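*Asks:* The structure's right below; bear with me while I get my questions together.
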Amino acid sequence: MSELLSRTHATALDAADPLRALRAEFVFPQHNHRDQTYFVGNSLGLQPRAAKAAVQEVMDKWGALAVEGHFTGDTQWLGYHRLVNAQLARMVGALPSEVVAMNTLSVNLHLMMVSFYRPTAERPVILMEAGAFPTDRHAVESQIRFHGFDPTTDLVEVQPDEPNGTISLAAIERAIAEHGPRLALVLWPGVQYRSGQVFDLDAITRMARLQGARVGFDLAHSVGNVPLQLHDIAPDFAVWCHYKYLNSGPGAVAGCFVHERHHRDASLPRFAGWWGHEEATRFKMAPQFVPAVGAEGWQLSNPPVLGLAPLRAALDVVDKAGGIEAMRAKSLQLTGLLDALVRARLAGVLEVLTPAEPERRGCQLSLRVVGGRERGRNLFEYLQTVGVLGDWREPDVIRISPTPLYNRYLDLHHFVEEVESWAGL
Numbered sequence: 124m125s126e127l128l129s130r131t132h133a134t135a136l137d138a139a140d141p142l143r144a145l146r147a148e149f150v151f152p153q154h155n156h157r158d159q160t161y162f163v164g165n166s167l168g169l170q171p172r173a174a175k176a177a178v179q180e181v182m183d184k185w186g187a188l189a190v191e192g193h194f195t196g197d198t199q200w201l202g203y204h205r206l207v208n209a210q211l212a213r214m215v216g217a218l219p220s221e222v223v224a225m226n227t228l229s230v231n232l233h234l235m236m237v238s239f240y241r242p243t244a245e246r247p248v249i250l251m252e253a254g255a256f257p258t259d260r261h262a263v264e265s266q267i268r269f270h271g272f273d274p275t276t277d278l279v280e281v282q283p284d285e286p287n288g289t290i291s292l293a294a295i296e297r298a299i300a301e302h303g304p305r306l307a308l309v310l311w312p313g314v315q316y317r318s319g320q321v322f323d324l325d326a327i328t329r330m331a332r333l334q335g336a337r338v339g340f341d342l343a344h345s346v347g348n349v350p351l352q353l354h355d356i357a358p359d360f361a362v363w364c365h366y367k368y369l370n371s372g373p374g375a376v377a378g379c380f381v382h383e384r385h386h387r388d389a390s391l392p393r394f395a396g397w398w399g400h401e402e403a404t405r406f407k408m409a410p411q412f413v414p415a416v417g418a419e420g421w422q423l424s425n426p427p428v429l430g431l432a433p434l435r436a437a438l439d440v441v442d443k444a445g446g447i448e449a450m451r452a453k454s455l456q457l458t459g460l461l462d463a464l465v466r467a468r469l470a471g472v473l474e475v476l477t478p479a480e481p482e483r484r485g486c487q488l489s490l491r492v493v494g495g496r497e498r499g500r501n502l503f504e505y506l507q508t509v510g511v512l513g514d515w516r517e518p519d520v521i522r523i524s525p526t527p528l529y530n531r532y533l534d535l536h537h538f539v540e541e542v543e544s545w546a547g548l
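Residue numbers (my numbering): 124 to 548.
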């Protein structure tokens, strides 16, 4: 076992890594004239080198053609959002018609709840996890109030029931069954942002639908991290961002999934905008809204082309990797090795909060420093000074996320060695 945890073994893993060449596709922040050891792809992914050229292509076309850029060439702006549809569909296991890149995650979440949170006096409840990312809780609470209901009774939060703050599938099942007759919507994450826990979305969807509730997923920490099969699992909707594991830049255009069974449902309410109007008649400028068939029918305004350009570059890197399955294969090894190193060499310094089972975690390990918050902040700030960057989540969690497109196995040893140095081991 000691050999498997050695630097020599990590060097061999890096040499044999089929994705090793992709590291050169990214721009690294520098620390003392060397690449920073970057473990924050779960918050903001690194810049793909091709992103600048993708944006420049749009800028050049704008300068040369102005408005005619909407209708000229293979990357014409009129359908620019469709240039990423096939790649996004592969990433989330969907049909191309079921996905669209638009808006930001919180905007898309609200738009989806307009259509899929339809509370009644008998069914007003939204169920979500306790400790959800604030944007989700804010959105849910505001939607409940908007419809005239009370979050104190109609927002149900499932509390952690496992050590280290994770939630068992049994606890989710109990909550859905207990509140089933009053459930309007189950809104759940694919990966919990603080703990790094991966959930069984198929099982959650089946439980929710058995009770007659709609189901939607926030996949902000899932897309580009773990494989998904949204079409087959068949939730009503899902939303996500692209600036984390898909490396599309700060505030990047987000993604949205609407299952095909809803594409021709004229009874669904929605907040309409002209880019959601069917393309064939959009420019007739008629007052009646005729929704495009598919997720595109939930668009509001014309696509932010300059914002979509880096997403195109980022998705091309995913294709070079061989897709999400190849990324996941390396991720399992990376995070598994990090977990083993922490448990073997830092057992008295760090506690691993993320589930130990590989199928219940993605790239991220959430770590708590033994000794309390002040000691944890001290370690976090020390790591910054030596060029090892994770991120901090209150009150006491350091998140370290080795990502398969650009992190190396030796990066894990750098992290562990610096923690040892800080701890005096």
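All C-beta atoms, glycine included, are put in the ideal place defined by N, C-alpha and C.
Model, not experiment: these values are computed from the prediction.
Between which two residues does the beta strand (DSSP E) holding Pro312 run?
*Replies:* Segment Leu306 to Pro312, the beta strand (DSSP E) holding Pro312.
*Asks:* According to DSSP, what are the bridge partners of Arg435?
*Replies:* Bridge partners of Arg435: none, in fact.
*Asks:* Around the C-beta of Lys407, are 16 or more other C-beta atoms found within 10 angstroms, so that it is buried, or is it exposed?
*Replies:* By the neighbour-count rule (16 or more Cβ atoms within 10 Å), Lys407 is not buried but exposed.
*Asks:* Answer yes or no: the CB of Val539 versus the heavy atoms of the ligand MN, is any distance below 7 Å?
*Replies:* Summarising the ligand content, the structure contains no ligands, and the ligand MN is consequently not present.
*Asks:* Val493: which of Pro481, Gln487 and Arg466 sits nearest, CA to CA?
*Replies:* The option with the nearest alpha carbon to Val493 is Arg466.
*Asks:* State the beta-bridge partners of Phe340 as determined by DSSP.
*Replies:* Phe340 is bridged to Trp311 and Ala361.
*Asks:* Could you pull out every residue in the same chain whose Cβ sits closer than 7 Å to the Cβ of Ser489, ignoring the five residues on either side in sequence?
*Replies:* Closer than 7 Å at the Cβ level, and outside the excluded window around Ser489, lie Arg317, Ser318, Gly319, Leu476, Thr477, Val520 and Arg522.
*Asks:* From Thr526 to Thr243, what distance separates their C-alpha atoms?
*Replies:* Cα to Cα, Thr526 sits roughly 43 Å from Thr243.
*Asks:* Taking the alpha-carbon positions, what's the Val338 to Arg130 distance?
*Replies:* Straight-line Cα distance between these residues: approximately 45 Å.
*Asks:* Have a look at Met450 and Arg213 and give me their C-alpha separation to the nearest angstrom.
*Replies:* The straight-line gap from Cα to Cα measures roughly 13 Å.
*Asks:* Classify Arg384 as helix, strand or coil using the three-state DSSP reduction.
*Replies:* It is helical.
*Asks:* Since I believe Val362 is in contact with Ala375 (beta carbons under 8 Å), could you give me their beta-carbon distance rounded to a whole number of angstroms?
*Replies:* Not really, about 13 Å apart at Cβ, beyond 8 Å.
*Asks:* Reducing DSSP to helix, strand and coil, say where Ile295 ends up.
*Replies:* Here Ile295 sits in helix by DSSP.
*Asks:* What runs of the alpha helix (DSSP H), each 4 residues or longer, lie entirely inside the stretch 235-295?
*Replies:* With a minimum length of 4 residues, the continuous alpha helix (DSSP H) runs that stay inside the stretch 235-295 are 257-269 and 274-277.
*Asks:* Tell me whether Gly547 is buried or exposed, calling it buried when 16 or more other Cβ atoms sit within 10 Å of its Cβ.
*Replies:* The residue in question, Gly547, is exposed, as its Cβ has fewer than 16 Cβ neighbours within 10 Å.
*Asks:* So Gly510 and His270 are in contact, right, with Cβ under 8 Å, and what is the actual spacing, rounded?
*Replies:* Not quite, the Cβ-Cβ distance comes to about 49 Å (not below 8 Å), so this is no contact.
*Asks:* Comparing alpha-carbon positions, which option in His386, Leu142, Cys364 and Lys184 lies nearest Tyr203?
*Replies:* Tyr203 has its Cα closest to that of Lys184, out of His386, Leu142, Cys364 and Lys184.
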